[in-house]
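Shown next, in structure tokens, is the structure this report addresses.
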Amino acid sequence: MPGKISPPSFYVRLFRWLCKEQLFDELQGDLEEEFYYNVEQLGKRKASVIYKQEVLKMIRPSVLKRLKLIDNSIFYDMFKINTKLALRNLLKNKLYTAINIGGLAVSIAVCGILLLYVNSETNFDNYHPDYERTYRLALDRIYPDHTSHYAITPYSMAEQATRDFPEIEEFTRIFPAGFGTNVTYNNETFLENDIIAGEANFLDFFGIKLLQGNRQNIFNTANSVLISERMALKYFGTESPIGKILQTDIGDLEVSGVVENTPKNTHFKFDFLVNLEGLPFFQQPNYVNFSVYNYLKLSEGVAPATVNQKMKEVVEKYAAGQIEREQRISFEDYTASGNGYRYFLQPIEDIHLKSHLEGEFEPNGNITYIYIFFSIAVFIVILAAINFINLATARSTERAKEVGIRKVLGSEKKQLVSQFIIESVVVSIVSMLIGILLIYLALPPFNTYLDKEISLLTFASPLNIGLALVASFGLGILAGTYPAFVLSSFKPVVVLKGKLIKSQQGYWIRNGLVVFQFFVSIVLICSTLIVGQQMQYLQKRNLGFDRENVLVLSRAFGIPDLTTFKNELEAIPGVSKVGLTSAMPGTGFYYGASFRPAGTNESIALNCAVFDEDYIETMGIKLAKGRGFSKDFQDTLALILNESATRALGIEHSPIGQRIVNVQGANNPQGDITYEVVGVISDYNYKSLHTEITPMAIFSRESSQGGNIGAIALKTSTNQGATIVAQVEKLWQEIAPNQTFVYSFLDSDLSALYEAEQRSGDMFMVFTGIAIWIACIGLFGLATFMIGNRIKEIGVRKVLGASSQVVVWLLLKDFNKLIAISLLLAIPASVWVMGQWLGSFAYRIEMLDTWVSFVIGGTLALVVAWLTVSYHSIRAVVANPVKNLRTE
Numbered sequence: 001m002p003g004k005i006s007p008p009s010f011y012v013r014l015f016r017w018l019c020k021e022q023l024f025d026e027l028q029g030d031l032e033e034e035f036y037y038n039v040e041q042l043g044k045r046k047a048s049v050i051y052k053q054e055v056l057k058m059i060r061p062s063v064l065k066r067l068k069l070i071d072n073s074i075f076y077d078m079f080k081i082n083t084k085l086a087l088r089n090l091l092k093n094k095l096y097t098a099i100n101i102g103g104l105a106v107s108i109a110v111c112g113i114l115l116l117y118v119n120s121e122t123n124f125d126n127y128h129p130d131y132e133r134t135y136r137l138a139l140d141r142i143y144p145d146h147t148s149h150y151a152i153t154p155y156s157m158a159e160q161a162t163r164d165f166p167e168i169e170e171f172t173r174i175f176p177a178g179f180g181t182n183v184t185y186n187n188e189t190f191l192e193n194d195i196i197a198g199e200a201n202f203l204d205f206f207g208i209k210l211l212q213g214n215r216q217n218i219f220n221t222a223n224s225v226l227i228s229e230r231m232a233l234k235y236f237g238t239e240s241p242i243g244k245i246l247q248t249d250i251g252d253l254e255v256s257g258v259v260e261n262t263p264k265n266t267h268f269k270f271d272f273l274v275n276l277e278g279l280p281f282f283q284q285p286n287y288v289n290f291s292v293y294n295y296l297k298l299s300e301g302v303a304p305a306t307v308n309q310k311m312k313e314v315v316e317k318y319a320a321g322q323i324e325r326e327q328r329i330s331f332e333d334y335t336a337s338g339n340g341y342r343y344f345l346q347p348i349e350d351i352h353l354k355s356h357l358e359g360e361f362e363p364n365g366n367i368t369y370i371y372i373f374f375s376i377a378v379f380i381v382i383l384a385a386i387n388f389i390n391l392a393t394a395r396s397t398e399r400a401k402e403v404g405i406r407k408v409l410g411s412e413k414k415q416l417v418s419q420f421i422i423e424s425v426v427v428s429i430v431s432m433l434i435g436i437l438l439i440y441l442a443l444p445p446f447n448t449y450l451d452k453e454i455s456l457l458t459f460a461s462p463l464n465i466g467l468a469l470v471a472s473f474g475l476g477i478l479a480g481t482y483p484a485f486v487l488s489s490f491k492p493v494v495v496l497k498g499k500l501i502k503s504q505q506g507y508w509i510r511n512g513l514v515v516f517q518f519f520v521s522i523v524l525i526c527s528t529l530i531v532g533q534q535m536q537y538l539q540k541r542n543l544g545f546d547r548e549n550v551l552v553l554s555r556a557f558g559i560p561d562l563t564t565f566k567n568e569l570e571a572i573p574g575v576s577k578v579g580l581t582s583a584m585p586g587t588g589f590y591y592g593a594s595f596r597p598a599g600t601n602e603s604i605a606l607n608c609a610v611f612d613e614d615y616i617e618t619m620g621i622k623l624a625k626g627r628g629f630s631k632d633f634q635d636t637l638a639l640i641l642n643e644s645a646t647r648a649l650g651i652e653h654s655p656i657g658q659r660i661v662n663v664q665g666a667n668n669p670q671g672d673i674t675y676e677v678v679g680v681i682s683d684y685n686y687k688s689l690h691t692e693i694t695p696m697a698i699f700s701r702e703s704s705q706g707g708n709i710g711a712i713a714l715k716t717s718t719n720q721g722a723t724i725v726a727q728v729e730k731l732w733q734e735i736a737p738n739q740t741f742v743y744s745f746l747d748s749d750l751s752a753l754y755e756a757e758q759r760s761g762d763m764f765m766v767f768t769g770i771a772i773w774i775a776c777i778g779l780f781g782l783a784t785f786m787i788g789n790r791i792k793e794i795g796v797r798k799v800l801g802a803s804s805q806v807v808v809w810l811l812l813k814d815f816n817k818l819i820a821i822s823l824l825l826a827i828p829a830s831v832w833v834m835g836q837w838l839g840s841f842a843y844r845i846e847m848l849d850t851w852v853s854f855v856i857g858g859t860l861a862l863v864v865a866w867l868t869v870s871y872h873s874i875r876a877v878v879a880n881p882v883k884n885l886r887t888e
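Residues 1 to 888 in the numbering used here are what the sequence shown lists, from first letter to last.
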């Protein structure tokens with residue numbers, strides 16, 4: 001053998017164990033000869049790889065040993081005896097069994113619920129046919145000073161791309177046709193929010209079942225509408241809805257079909273589907289104005305990046321001409337000034353978790369939460385397995401004599417190991433059954449809280465049941481293997497004398513497991529506290545307006561005489577001010593329009609809203625320069641900007657009196673309209689704090705945009721909300737009896753923007769409590785073991801005069817070190833995890849401000865550890881030292 005080079009030792013032993021004895025020497029000789037030849041020719045590393053491959057190739061029936069078969073009756077008797085002993089031991093130690101099974105069952109339940117939740121979140125939109133190659137067309141709209149990201153895009157883009165590019169197989173479009181629409185049948189009126197417009201191929205494209213009606217002609221008239229199964233039941237009961245007329249704010253609609261209810265796991269939901277091609281704006285091509293959700297189905301094998309690249313051609317070939325006509329500058333100058341359109345495809349299955357664009361159907365989920373909750377699920381089960389190990393080794397002092405006696409009586413190590421592993425598996429299976437029961441009981445309130453439809457029965461397939469059994473067996477074997485080998489390795493001569501052999505390796509393993517448990521617990525504690533801090537920040541941040549005691553009335557467009565209605569509202573006791581607007585902060589829709597300073601060619605897009613003369617004062621918005629709208633002035637062509645808009649337009653130094661052109665486009669008969677800036681308001685957060693403040697222009701109610709008024713804000717007195725709402729509703733019914741009365745309070749509307757974060761914080765809190773409880777169980781077991789090993793030391797110290805306080809502190813000191821190590825490891829982990837989460841907010845707390853969370857997290861973990869360990873410490877200290885030292 002050249003030098004000290006030899007074949008991989010593990011594979012040598014493996015081959016010796018598997019190969020027939022009469023063949024081993026010859027075959028091993030051939031393998032070694034080839035190995036040394038390869039070392040000379042190819043080097044040791046390559047030779048080792050070839051050797052391993054050759055060993056694995058040798059594993060075939062002609063080479064393998066025959067395994068010794070155990071007599072079935074003997075095996076059955078051994079299994080029966082070991083099972084009986086395991087059950088007897090578990091029943092004898094009821095507290096230990098209850099703690100072990102309880103901890104493991106709760107862990108399995110939490111893990112199961114979290115995995116069911118993760119599964120439901122990651123399976124959105126996968127019920128559509130060919131969902132793997134179905135995409136939504138989205139847009140990065142590049143402006144000179146910022147970039148906006150839109151889910152809605154021009155309605156001609158998908159159609160044109162499908163015509164021009166063979167890579168696209170099919171397209172369809174969705175237009176949100178009505179939100180807050182009155183629907184009347186048989187003199188009963190309901191307010192409906194889920195009304196969309198689609199095309200003739202809508203049902204086939206998304207794989208939606210038609211329960212009643214003709215699938216080949218779903219829109220047989222211009223005013224046809226498909227309704228969902230729940231709407232058919234709501235409006236028509238058991239009658240056939242086909243051909244019935246529904247009176248709505250968007251016209252009379254004739255029911256032409258009934259479709260299945262959209263499932264929860266979809267990014268768009270609808271109850272009414274009208275014909276998109278019948279809408280007036282749809283008659284002329286448009287490649288610039290955002291209006292619909294465009295969906296594309298690519299041909300087999302086509303990468304989305306290919307279509308992304310080709311969308312540039314559509315912009316340059318079709319959108320450029322429209323931009324030049326509307327902006328009155330060349331497309332080259334338009335792009336050179338910092339404008340641009342970058343279209344891209346989003347996989348439909350990724351929209352729910354990975355898309356947070358402007359104009360989404362509804363607030364989407366967050367993939368970060370999925371990673372966090374999946375990690376928590378895994379860690380909680382690991383914590384429970386660690387508990388089992390710690391509790392089992394903690395009982396070694398109690399079971400040492402049992403092991404010693406059984407060894408003296410002839411038990412082999414493998415028999416002892418099998419008994420302890422069977423105990424572990426029994427605990428695991430019972431825990432699994434109880435855990436499944438807990439999942440079944442916890443799912444209804446969990447679904448209610450999260451508005452989900454997660455069902456345990458949907459996972460009750462033979463495969464999943466088999467996987468659950470395998471998992472419980474595997475968990476029992478994995479968790480029981482280390483304690484089984486530790487307990488079975490005791491030497492009978494030593495343990496029968498009342499002594500245990502202390503292993504330095506075992507010491508490090510036990511302490512390491514506790515450090516890991518408290519590391520996870522502290523990460524969860526700190527994360528929960530940081531989530532709470534961010535929620536407090538969102539609630540208390542100065543948004544630039546007064547959010548308290550503001551009553552919001554929606555659907556103001558349904559009031560025939562807004563001025564009279566506003567005057568009567570102001571006369572209600574407790575109402576101090578009333579303002580009208582097109583969009584309320586946080587929840588309103590701010591439409592876009594292009595502006596440029598007079599005398600320049602470069603235009604930028606601003607978000608727009610309409611205010612009346614009292615809205616700024618009603619909302620407590622600060623006027624930075626100039627004036628607000630007023631009845632004392634003719635404000636038809638007056639414009640108010642926010643500070644961001646003045647910077648974007650380059651007029652921040654002297655904005656008042658500047659003339660700003662609202663670019664209308666060449667096809668607009670009015671032509672461009674020039675406005676005069678009369679005031680500048682301080683920037684305020686008119687959208688969610690997930691997004692930064694963007695430039696905004698505000699038209700007066702007297703302008704041509706005044707018809708967009710849709711909301712009324714009432715500043716009310718504290719504690720009079722209910723009384724005022726009743727009076728407002730009475731007045732509403734008198735003036736607009738056919739319009740649904742819809743109201744809310746602004747602070748509640750703003751809080752709802754962060755409902756997902758609040759729910760996640762609540763879930764963090766629950767899981768943190770469970771993790772701490774599980775960690776305490778493990779610490780309880782470790783304390784039992786460590787103090788049991790030091791019981792004689794404690795007796796000696798007491799005999800030599802040590803006080804109880806000194807001894808207790810001595811015992812706690814070791815655990816303090818473990819908590820300190822856990823905290824040091826947990827701080828960077830928490831910073832990284834929470835940094836990822838906080839990154840989804842444009843306005844957030846700074847990580848330096850979260851130091852108090854780490855102090856509280858470390859202190860809480862230390863206090864919990866002290867309380868857990870104190871029981872054993874105090875019990876050991878107050879014990880009679882003579883009793884503990886009598887064997888000496």
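Every residue gets a Cβ at the ideal spot worked out from N, C-alpha and C, and that includes glycine.
_Please state whether the Cβ-Cβ distance between L779 and V869 is less than 9 Å._
By the CB criterion at 9 Å, L779 and V869 fall inside the cutoff.
*Using a Cβ-Cβ cut-off of 7 Å (strictly less than) and excluding sequence neighbours within five positions of Q658, which residues of its own chain qualify?*
The beta carbon of Q658 sits closer than 7 Å to those of P597, I651, V677, all from its chain and outside the five residues before and after it, given in chain order.
*Going by alpha carbons, who is nearest to E453 out of F764, T266, I405?*
Comparing Cα-Cα distances from E453 to each of F764, T266, I405, the minimum goes to T266.
*DSSP on F190, reduced to helix/strand/coil?*
Looking at F190 - three-state DSSP - the assignment turns out to be strand.
*When we look at the beta-carbon of D561 and count the other beta-carbons within 10 Å, is it buried (16 or more) or exposed?*
Classification of D561: exposed, given that the 10 Å Cβ count is below 16.
_Close beta carbons around L64, own chain, < 8 Å, minus the five adjacent residues each side_ = These residues qualify, in order along the chain: L18, C19, K20.
*DSSP beta-bridge partners for M696?*
Under DSSP, M696 takes part in a beta bridge, and its partners are N607.
*Starting from the C-beta of M765, find all residues in its chain whose C-beta is less than 6 Å away, skip the five residues before and the five after it, and write them out in chain order.*
Around M765: T528.
*Residue range of the alpha helix (DSSP H) that R325 falls in?*
Here the alpha helix (DSSP H) through R325 covers 320-327.
_So A711 and S554 are supposed to be a Cβ contact under 8 Å. How far apart are they, rounded?_
6 Å between Cβ atoms; contact.
*Can you tell me where the alpha helix (DSSP H) with P304 in it begins and where it stops?*
Element bounds for P304: 304-314.
*With 16 other CB atoms within 10 Å as the buried threshold, where does T600 fall?*
Result: exposed.
*asked:* Given a cut-off of 9 Å on the beta-carbon distance, is the pair F745 and L457 in contact?
replied: No, these two residues do not count as a Cβ contact at 9 Å.
*asked:* L639 and Y675 - do their beta-carbons sit closer together than 9 Å?
replied: Yes; because the gap between Cβ atoms is below 9 Å, this pair is in contact.
*Once you ignore the five residues that flank G706 on each side, which residues in its own chain have a CB closer than 8 Å to its CB?*
Within the same chain, G706 has close Cβ partners V610, F699, S700.
*Use the C-beta contact count for K566: other C-beta atoms within 10 angstroms, 16 or more gives buried, fewer gives exposed.*
By the 16-neighbour rule on beta-carbons within 10 angstroms, K566 is buried.
_One or two residues paired with F272 in a DSSP bridge_ = Answer is I195, I227.
*Once you ignore the five residues that flank F190 on each side, which residues in its own chain have a CB closer than 6 Å to its CB?*
Within the same chain, F190 has close Cβ partners V183.
*Pair every Cβ in the segment 100-117 with every Cβ in the segment 426-444, then say whether three or more of these pairs are closer than 8 Å.*
At 8 Å Cβ cutoff, the stretches touch.
*Can the beta-carbon of F175 be found closer than 9 Å to that of A200?*
No, the pair does not count as a contact, with Cβ atoms beyond the cut-off.
_Residues of its chain near S291, where Cβ-Cβ distance is below 6 Å and the 5 sequence neighbours each way are ignored_ = Cβ within range, chain order: Y155.
*Helix or strand or just coil, what does DSSP make of Y51?*
Assigned with DSSP and collapsed to three states, Y51 falls in helix.
*Taking the alpha helix (DSSP H) that S107 falls in, what are its first and last residues?*
Taken as a continuous stretch (DSSP letters only), the alpha helix (DSSP H) holding S107 covers 94-121.
_Alpha carbons only, please: which of D635, S228, L824, R844 is nearest the one belonging to F516?_
The residue among D635, S228, L824, R844 with its C-alpha nearest the C-alpha of F516 is L824.
*Cβ of S521 within 9 Å of Cβ of I709?*
No, these two residues do not count as a Cβ contact at 9 Å.
*Please check the pair Q212 and I242, which I expect to be a contact at CB under 8 Å, by giving their CB distance rounded to whole angstroms.*
Contact flag correct, Cβ pair sits at about 6 Å.
*CB of F518 within 9 Å of CB of A826, strictly*: Yes, the pair counts as a contact, with Cβ atoms nearer than the cut-off.
_Cβ neighbours of S822 in the same chain (closer than 6 Å, five flanking residues each side left out)_ = V515, F518, F519, I522, listed in sequence order.
*Does the Cβ of S704 have 16 or more other Cβ atoms within 10 Å, making it buried, or fewer, making it exposed?*
By the neighbour-count rule (16 or more Cβ atoms within 10 Å), S704 is not buried but exposed.
_C-alpha distance - I99 paired with L383, whole-angstrom precision_ = I99 and L383: Cα-Cα distance of roughly 14 Å.
*What residue range is occupied by the uninterrupted beta strand (DSSP E) comprising H352?*
Annotation for H352: no beta strand (DSSP E) segment contains it, though the alpha helix (DSSP H) segment containing it runs 351-354.
*beta strand (DSSP E) segment containing R844, residue limits*: Element bounds for R844: n/a, residue is neither H nor E.
*asked:* Within 8 Å, do at least three Cβ pairs link the segment 38-55 to the segment 81-99?
replied: The answer is no - the segment 38-55 does not touch the segment 81-99, with fewer than three Cβ pairs under 8 Å.
*Identify whether Y371 lies in helix, strand or coil by the three-state DSSP scheme.*
For Y371, the secondary structure class from DSSP, reduced to helix, strand or coil, is helix.
*Quick check: the segment 302-309 against the segment 331-341, are there 3 or more CB pairs under 8 Å?*
The segment 302-309 vs the segment 331-341: no contact.
*Closer than 6 Å by C-beta to F629: which residues in its own chain qualify, once you throw out the five before and the five after it? Chain order, please.*
Sequence-distant partners of F629 (beyond 5 residues in either direction) whose C-beta falls short of 6 Å from its own C-beta, in its chain, are E613, D635, S700.
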